[in-house]
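A.B. asks: Below you'll find the structure I mean.
Residue numbers (full-length UniProt numbering): 1 to 332.
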């Protein structure tokens, strides 16, 4: 059981009635709270919850109507995303209770101050290195317009400017990260055909691919619903077309790919998490066609070449800068 869920269950009497759990982990909490429903934006967590508690789960960037007098938000990593989620929930909880639970090291006390816009927050519990806060929603905010919260920035690429639309909570929100910047310099010599941007985030790499290889079919995949929404906005803003998929890792990708391009994730929340990236390296060959190609950027301290060579083929380092490396390999 996730420690944040354990903290809720220490106050189980507060959560016996109808309740919405937002951003909850994929543990057994719904089994302990039979009147609760979930709202997730992580495709992996949603899939696991739906497999165990079918019909009690909602997925997407906006909440389903809150048919409950209370909601709990599990603190996400991003402060901007926290503000959006708190407002989206509070907008449907007039006179109801909004709870916030999270780890101390994730900044729960700072985040609790964001609840003051709706009423007077109070701390209910502190245990398992986590805290639980509550506010009665007396000041009901308007439902937030997610797209209005987007940040825009422009990239000057060889084939013209590209505008990136970044929503709260998306990796490297509002700016180009160092890894993607390096990988953008190495888009030549890729195998055209059906190309995948794995871990697409705000859609930087996938959009650049479509511009560089306009006759290729481009798919973009991310586990996070806010990233998928951002990628769709970036494509639309630049008059580009691509398939955008929300799914849990490389298993959700199409087969028969000519190229997989990736700045793969290795963080989930405040924790370092390599599983999605390592699964990509282990399973890439299954999704690539004959002579298919994998090109990715990764922190240079990560020992990816042996894994690539074991499961795909000979690995070449194309470039190295600012603590990152570009790896390239073709299917055996």
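Every residue, glycine too, gets a C-beta built ideally from N, C-alpha and C. For clarity, every value in this text was computed on a predicted model and none was experimentally measured.
What residue range is occupied by the uninterrupted beta strand (DSSP E) comprising residue 319?
C.D. replies: 315 to 321 is the span of the beta strand (DSSP E), which, as asked, contains residue 319.
A.B. asks: Quick check: the Cα distance between residue 136 and residue 147, rounded to an integer number of angstroms?
C.D. replies: When rounded, the distance between both Cα atoms is 27 angstroms.
A.B. asks: Please report the residue range of the alpha helix (DSSP H) in which residue 223 lies.
C.D. replies: Where residue 223 is concerned, there is no enclosing alpha helix (DSSP H), given that its DSSP letter is neither H nor E.
A.B. asks: Let's test the definition: count the other Cβ atoms within 10 Å of the Cβ of residue 195 and tell me whether it reaches 16, buried, or not, exposed.
C.D. replies: Label assigned to residue 195: buried.
A.B. asks: Count the other CB atoms within 10 Å of the CB of residue 152; is the residue buried (16 or more) or exposed (fewer)?
C.D. replies: Burial call: exposed.
A.B. asks: Determine which residues share a DSSP beta bridge with residue 130 and list them.
C.D. replies: DSSP lists 103, 127 as partners of residue 130.
A.B. asks: What are the boundary residues of the beta strand (DSSP E) that residue 156 is part of?
C.D. replies: Taken as a continuous stretch (DSSP letters only), the beta strand (DSSP E) holding residue 156 covers 151 to 157.
A.B. asks: Taking DSSP's pairing of strands, which residues face residue 160 in a bridge?
C.D. replies: Bridge partners of residue 160: 157.
A.B. asks: In chain order, what are the residue ranges of uninterrupted alpha helix (DSSP H) at least 4 long that sit wholly in the UniProt domain "Methyltransferase small N-terminal" (5 to 153)?
C.D. replies: 29 to 32, 43 to 52, 79 to 90, 108 to 113, all fully within the UniProt domain "Methyltransferase small N-terminal" (5 to 153).
A.B. asks: Can you tell me where the beta strand (DSSP E) holding residue 330 begins and where it ends?
C.D. replies: First-last of the beta strand (DSSP E) with residue 330: 324 to 330.
A.B. asks: Note down the Cα distance separating residue 245 from residue 303, rounded to an integer number of angstroms.
C.D. replies: The straight-line gap from Cα to Cα measures roughly 28 angstroms.
A.B. asks: I need the boundaries of the alpha helix (DSSP H) containing residue 182, first residue and last residue.
C.D. replies: Per DSSP, residue 182 belongs to the alpha helix (DSSP H) from 178 to 184.
A.B. asks: To the nearest angstrom, how far is it from the Cα of residue 109 to the Cα of residue 131?
C.D. replies: So the two alpha carbons sit approximately 8 angstroms from each other.
A.B. asks: By DSSP, does residue 292 sit in helix, in strand, or in coil?
C.D. replies: Reduced to three states, the DSSP call for residue 292 is strand.
A.B. asks: Terminal residues of the continuous alpha helix (DSSP H) containing residue 281?
C.D. replies: From DSSP, the alpha helix (DSSP H) with residue 281 extends over 275 to 287.
A.B. asks: On the three-state DSSP scale, how would you describe residue 166?
C.D. replies: Of the three classes helix, strand and coil, the one that applies to residue 166 here is strand, per DSSP.
A.B. asks: With a threshold of 8 angstroms on Cβ separation, who are the neighbours of residue 85 within its own chain once the five nearest residues in sequence on each side are excluded?
C.D. replies: Only 22, 23, 73, 76 meet the Cβ criterion.
A.B. asks: Thinking residue 15 and residue 33 are a contact (beta carbons under 8 angstroms), I'd like their distance in whole angstroms, please.
C.D. replies: The pair is a contact, with the Cβ atoms about 5 angstroms apart (cut-off 8 angstroms).
A.B. asks: Contact between the region 49 to 68 and the region 102 to 120: three or more CB pairs below 8 angstroms?
C.D. replies: Flag = no, the region 49 to 68 and the region 102 to 120 do not touch.
A.B. asks: In this structure, does DSSP put residue 209 in helix, strand or coil?
C.D. replies: Of the three classes helix, strand and coil, the one that applies to residue 209 here is helix, per DSSP.
A.B. asks: Going by alpha carbons, who is nearest to residue 279 out of 307, 261, 212?
C.D. replies: Closest by alpha carbon: 307.
A.B. asks: Could you give the first and the last residue of the continuous alpha helix (DSSP H) run that contains residue 308?
C.D. replies: 305 to 311 is the extent of the alpha helix (DSSP H) around residue 308.
A.B. asks: If we count Cβ pairs, one from each stretch, closer than 8 angstroms, do we get three or more for the region 282 to 293 versus the region 250 to 261?
C.D. replies: The answer is yes - the region 250 to 261 touches the region 282 to 293, with three or more Cβ pairs under 8 angstroms.
A.B. asks: Here's the rule: buried if 16 or more other CB atoms are within 10 angstroms of the residue's CB, otherwise exposed. What is residue 3?
C.D. replies: Burial call: exposed.
A.B. asks: Spatial neighbours of residue 283 within its chain, please: CB distance less than 6 angstroms, with the 5 preceding and 5 following residues excluded, ordered by chain position.
C.D. replies: Here the set comprises 250.
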